[in-house]
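In terms of the UniProt record's numbering, the sequence shown opens at residue 1 and continues consecutively.
Using N, Cα and C, we set each Cβ at its ideal position, and we do this for glycine too.
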Amino acid sequence: MTAQATGPVAPVVLPSPSSEPTTLTRASAIIAGRVIRQFVRNRMMLIVTVAFPLLQLFMLLAAFGVLVRDTQDVDYVRRLAPLIVLTTAFSSILTTAIALWSDIRSGVFDRLRAMPLDMRAYVFGRIGGDFVRIMGVAVLVTLVAHTVGFRFSRGPLAVLGFFGIVALFGMMCSALAVAVALVAQHPGIIVRYVQMPTLVLTLMSSGYVPLEAFPHWIRPAVSVNPVSLAADALAGLSHRGALTAPVLGTAAWTLGVTAVCTAVATRRFAMLVKRG
Numbered sequence: 001m002t003a004q005a006t007g008p009v010a011p012v013v014l015p016s017p018s019s020e021p022t023t024l025t026r027a028s029a030i031i032a033g034r035v036i037r038q039f040v041r042n043r044m045m046l047i048v049t050v051a052f053p054l055l056q057l058f059m060l061l062a063a064f065g066v067l068v069r070d071t072q073d074v075d076y077v078r079r080l081a082p083l084i085v086l087t088t089a090f091s092s093i094l095t096t097a098i099a100l101w102s103d104i105r106s107g108v109f110d111r112l113r114a115m116p117l118d119m120r121a122y123v124f125g126r127i128g129g130d131f132v133r134i135m136g137v138a139v140l141v142t143l144v145a146h147t148v149g150f151r152f153s154r155g156p157l158a159v160l161g162f163f164g165i166v167a168l169f170g171m172m173c174s175a176l177a178v179a180v181a182l183v184a185q186h187p188g189i190i191v192r193y194v195q196m197p198t199l200v201l202t203l204m205s206s207g208y209v210p211l212e213a214f215p216h217w218i219r220p221a222v223s224v225n226p227v228s229l230a231a232d233a234l235a236g237l238s239h240r241g242a243l244t245a246p247v248l249g250t251a252a253w254t255l256g257v258t259a260v261c262t263a264v265a266t267r268r269f270a271m272l273v274k275r276g
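Shown next, in the form of structure tokens:
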């Protein structure tokens, strides 16, 4: 499934300059609000990041729930639900990158550049709005999964840790989306270099099936897959399982990917700001 920006681009309404320039925090909050409104009004974004993952949850539970329970004596929703929560963050890379690319090419970015505004507010607002969206969708999907048997059984601190891992994973996804949008020359490149890798990483993860179900030769790659590590961390925090290695692995992937993407995006963003 590909996501394309639909409908008119939502305007950015910033306060008129007065005796004091618009503060970075206030401008970032305004742009973050625009990002959230844009998401709520865009049916394609809602389908890709909310409806499609929930459809996956119900279809896979219906198809494999009884089989997994009978063969492995495991409630499949405990393994599947964490992966679906991550899928909502992973799928946001494509929609966010295309929305950001459209902003840059539609004139919104040039309009902001002409204002007495710290342009860092655009980046902070975009990332902040995406973070709120990712966490909101994660909470919604978790609540829906609760209706089909998903439960937290390790206490309130584990619940906070669960959503902390989602936040780390979402931070990595947001950094990837910004970097891809700033580098790509047209939306087709975004779709080509985002959709297939994210699909492969999701399918080749231990979120759908345990690591032991994969052939021996591919297990090393599956075990270090960022989706596998994050899914295992969420499964461990919600029910049972290893925690140290998955949590540290997720943190390492987040820091590494975010650092690389930040370096790329900073350089590209500086070029755009200076462009005449």
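Among the residues of its own chain, which have a CB less than 8 Å from the CB of I165, if the five just before and after it don't count? A230, A233, L234, L237, V247 and T250
If you measure between the beta carbons of A265 and L182, is that distance less than 8 Å? yes
Inter-residue Cα distance where the pair is L160 and G136: 14 Å
Check Q38 in the structure and name its three-state DSSP category. Correct three-state label for Q38: helix.
Measuring straight from C-alpha to C-alpha, what distance separates V40 and A245? 36 Å
Give me the residue from P226, R240, A270 and V144 with the minimum Cα distance to V257. P226
For P187, the first and last residue of its enclosing alpha helix (DSSP H): Going by DSSP, P187 is part of the alpha helix (DSSP H) stretching over P187 to L203.
Euclidean distance between Cα positions of P220 and T202: 15 Å
Boundaries of the alpha helix (DSSP H) in which Y208 is found, first to last residue: That residue, Y208, is in no alpha helix (DSSP H); it is neither H nor E in DSSP.
Can you tell which of Q195, V148 and Y122 has the C-alpha that lies nearest to the C-alpha of L26? Sequence check: residue 26 is Arg here, not Leu. Closest by alpha carbon: Y122.
Burial state of G125 (16 or more Cβ within 10 Å): Looking at its Cβ environment, which holds 16 or more other Cβ atoms inside 10 Å, G125 is buried.
Grouping DSSP H, G and I as helix and E and B as strand, with all else coil, what is P82? P82: helix per DSSP, three-state reduction.
Buried/exposed call for P21, threshold 16 Cβ in 10 Å: Residue placement at P21 is flagged as unreliable, the pLDDT there being 44, under the threshold of 50; the coordinate-derived value follows with that caveat. Exposed: under 16 other Cβ atoms inside 10 Å.
Best match in M204, I47, A158 and F109 for proximity to L83 [C-alpha to C-alpha]: M204
From the DSSP output, in three-state form, read off T147 for me. coil
For the putative contact between V85 and T142, defined by C-beta atoms under 8 Å, what is the C-beta separation to the nearest angstrom? 6 Å
Report the rounded CA-to-CA distance for H216 versus V209, giving the unit in angstroms. 14 Å
Give the single residue among L255, F58, I47 and V273 whose Cα lies nearest to the Cα of V144. Closest option to V144, judged by alpha-carbon separation, among L255, F58, I47 and V273: F58.
Between T23 and T95, which are expected to be in contact by the criterion C-beta below 8 Å, what is the C-beta distance as a whole number of angstroms? That pair is no contact at about 29 Å.
Applying the criterion that 16 or more other CB atoms from any shown protein chain within 10 Å of the CB defines a buried residue, is T254 buried or exposed? Under this definition T254 is a buried residue.
Any contact of the region 147 to 158 with the region 96 to 108, i.e. 3+ C-beta pairs under 8 Å? no
Using alpha carbons as the reference points, say which of S206, H239 and D118 lies closest to H146. With distances taken between Cα atoms, H146 lies closest to H239.
What are the boundary residues of the alpha helix (DSSP H) that includes P156? P156 to V183
Kindly indicate which three-state DSSP category M44 falls into: helix, strand or coil? helix
Which same chain residues, not among the five before or five after G188, have their C-beta less than 6 Å away from its C-beta? none
For A263, is the classification buried or exposed, using 16 other Cβ atoms within 10 angstroms of its Cβ as the cut-off for buried? exposed
Going by other Cβ atoms of all chains shown within 10 Å of its Cβ, with 16 needed for buried, is A138 buried or exposed? Taking a 10 Å sphere around the C-beta of A138, we find 16 or more other C-beta atoms and assign the residue as buried.
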